[in-house]
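One point on numbering: in UniProt numbering, the residue at position 106 of the sequence shown is 124, and numbering is uninterrupted. To start, the structure under review is shown below, and the notes come after it.
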Amino acid sequence: ERSWVFVPCDRLNDRIGPLATDSDAGIILVESHAKGKSRPYHHKKVLLVLSNMRHFALEQIERGRHVLYLNGPESYGEQLFAAQQRFRLGSILSTRAAERELRKDLERGCASGLRLEDRPDTAWLSTSEDWQEVFGKGASRGRQFLMERFYRYMRRSTGILMEDGNYAGGKLSYDEQNREPYRGQITPPPRPTFAQDAITIELLEMMQRVNPIAFGSADGFDLPVTEADAKSAWSFALDRLLPFFGPWEDAMSTQEPMLFHSALSALMNISRLLPREIIADVETAYHQGKIPLASAEGFIRQILGWREFMRHIHDTTDGFRTLPQSPDPPSNREAHAYSATIVQTIDPATPDRPATPSALDAHLPLPPAYWGDRSGMRCLDTVVAQVRDQGWSHHITRLMVLSNLAVLCGFSPRELTDWFWVAYIDAYDWVVESNVLGMATFADGGLTATKPYVSGAAYINRMSDYCGKCPLDPKKALGPGSCPFTALYWTFLERHADLLQSNQRLRMPYIALGKKSAADRKALRERAEAAVAQLGRGEIVT
Ligand code: FAD
Ligand code: SF4
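In structure tokens form, the structure reads like this:
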């Protein structure tokens, strides 16, 4: 008898899970309008996921597989259960879902009678046993998980970028070579685009009918939707972008917003591209002398290190639920029409509502500038416009512009997380919650990052070209027209001195703060408060 495999929308590949070993297994794919409506997802993300799903179904039919394609208003679990009864299917096989939200949906289905059997998810490069080998069990506040420790273990246990038992080139990481600002040294090549076909166009119409409210339109959608598209996007990145990836990894540019980033996280997160294959290609290219070691190692570290690390952080904290939760979850969702539509997912009455840790006690609502209203801060407005347009921006803009500002101002980490979840085409709970609640906002109290990633205007000015044409002055900390980042930074340190001043990595900034007079500190506080108030009211920061 044929076995049937439920393939979640983020596991669109027949080289992983039960499909890899059973060429006769049938495939069940499910489109759930309930999921689509749960947040005002960027339309480019919805299109990317659904069009890839439908193309995957057709590709598999061409390979001779039987495919059952479900599409309905109900949840995944409900639709699977109905199909199991209707077609008299035995237990349905499935890999453990990567998204916690999907796991809970399926668990509810199973509680109502759905029969599912878990199989190992071979899309990951590590297992929970690997994680426990490095860190043991448990995750409570006060613990610290160092990515470097995990990465060291992963390099040694997989043998990736290892030579005669040592790290290639003799060093674990070449991060210090990868921090150059971009001044137009090499122009990134134009990226391949993928024309919309009849399937994508049909989906576009459906999406606009079923799910009209979204942050970010599908205009100009040209992302990969087939296996062949994904392959050619990857070949392009490997040949033309990765050789230059390292040095400008942290740079931010209005002229070249994507620089040499592969921008393939969204395809990796739906398994169109498999991390192990990507890494093998990069390693081969390094050995062939096509990619310098610093770039190859930098890129591999993101996938073998950070990506796997983040997913385990999420798992081990049950989506940050094992940590102390903020007693006062954010409730002010009226800041913008978009944020008001997310209310259902955060409503305290919702069973299993998302985690709300906030170690820095940050509760202000996310201001309208994040939803596209102009703030006058060129860095923020440029990145938000890019995200609204593309559903993507690179790592440093996420960390040092969008999150840095939110942390300094005290915007709610949960609201920021939900914003990222809605706005980015590569966002899924296991990766977006770990990156925002963990790495970027310190909401987990230092479980993921050894200190909050915060900076004043000097960092943004050095690493970007935003400040040159900004009406605010990055070199001025006080008075009208000064860049608020600097005052916000000092005020943040002052506000959280109890928690942070004993942190060795913040020793120098606290020494510098200690040298400021009471009058200076007061002036900085007033400057910072004025900027937060203007942002909150949706006004231009002056
Ligand atoms: P590259 O810079 O080329 O890196 C290669 C790959 O490494 C990426 O495709 C990605 O798969 C992986 N990677 C790198 N860093 C991370 C990381 N910190 N966590 C997980 N994977 C990583 N990544 C997501 O995939 N989804 C998210 O929702 C997401 N939200 C983020 C939110 C914040 C606040 C921050 C600071 C980072 C977030 N990241 C997220 C991580 C990272 O920014 C993106 O993976 C990366 O920018 C994607 O672009 P790229 O494919 O060009 O990546
Ligand atoms: Fe951003 Fe300040 Fe630079 Fe303007 S001056 S772009 S607000 S860092």
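By construction, the Cβ of each residue, glycine as well, lies at the ideal position given by its N, Cα and C atoms.
- In the structure shown, N229 adopts coil according to DSSP, grouped into three states.
- Taking C-beta atoms as the reference points, L65 and L282 fail to come closer than 9 Å.
- In this structure, ligand 2 has no non-hydrogen atom nearer than 8 Å to the beta-carbon of D370.
- In the structure shown, E547 adopts helical secondary structure according to DSSP, grouped into three states.
- Straight through space, the alpha carbons of M286 and L292 are spaced by roughly 6 Å.
- Closest in C-alpha terms to L179, from the list L260, A314, E117, comes A314.
- Chain order is used for the residues whose beta-carbon lies nearer than 6 Å to a heavy atom of ligand 1, namely H279, S280, A281, L282, S283, M286, N287, F317, Q320, I321, W324, R325, M328, H412, H413, R416, L417, S421, F438, Y442, D444, A445, V449, V450, N453, V454, M457, A458.
- If you compare the alpha carbons of L86, R396, F153, G127 with that of D483, the shortest gap goes to R396.
- In the DSSP assignment, F24 is bridged to I46, S112.
- When secondary structure is reduced to three states using DSSP, F212 falls in the coil class, being assigned neither helix nor strand.
- Only exposed fits I204, as fewer than 16 other CB atoms lie within 10 angstroms of its CB.
- Taken in chain order, the complete beta strand (DSSP E) segments of 3 residues or longer contained in the stretch 39-91 are 44-50, 85-90.
- Distance from V405 to A387 at the Cβ level is roughly 12 Å; contact not present, criterion being Cβ atoms closer than 8 Å.
- F327 and L132 have their C-alpha atoms spaced approximately 32 Å apart.
- Sequence-distant partners of R173 (beyond 5 residues in either direction) whose C-beta falls short of 8 Å from its own C-beta, in its chain, are L179, M180, Y185, L190, L322.
- Collapsing the DSSP output to three states places S313 in a helix.
- Secondary structure at Y471: coil, using DSSP grouped into helix, strand and coil.
- Exclusion of L542 from the 8 Å shell around ligand 2 follows from its C-beta lying no nearer than that to any non-hydrogen atom of the ligand.
- Ranking L164, L143, A141 by CA distance to the CA of V152 puts L164 first.
- Nearest in C-alpha terms to Y171, of all of K55, R319, I478, is R319.
- For L120, there is no enclosing beta strand (DSSP E); the enclosing alpha helix (DSSP H) covers residues 118-129.
- Assigned with DSSP and collapsed to three states, E267 falls in coil, not helix or strand.
- Distance from the C-beta of C427 to the nearest heavy atom of ligand 2 is not below 8 Å.
- For Y484, the shortest separation between its Cβ and any heavy atom of ligand 2 lies below 8 Å.
- With contact defined as three or more Cβ pairs closer than 8 Å, the stretch 140-151 and the stretch 288-304 are in contact.
- Per DSSP, reduced to three states, the secondary structure at Y200 is coil, with no helix or strand assignment.
- Around P199, the same chain offers A269, R480, M481 as residues with beta carbons nearer than 7 Å, after the five sequence neighbours per side are excluded.
- Here DSSP, grouped into helix, strand and coil, assigns F460 to coil.
- Judged by DSSP secondary structure, L134 falls within the beta strand (DSSP E) whose first and last residues are 134-137.
- Every alpha helix (DSSP H) stretch that sits fully inside the stretch 435-460 and reaches 4 residues is listed by chain position as 447-451.
- Distances between the C-beta of I45 and the heavy atoms of ligand 2 are all 8 Å or more.
- The closest heavy atom of ligand 2 lies less than 8 Å from the beta carbon of I478.
- Residue pairing by DSSP puts S500 in a beta bridge opposite D491.
- Linking T302 to R114 through their CA atoms gives a straight-line distance of about 31 Å.
- Short note on D491: C-beta closer than 8 Å to some heavy atom of ligand 2.
- Annotation for P208: no residue places its beta carbon closer than 7 Å to its own, counting only its chain and skipping 5 residues before and after.
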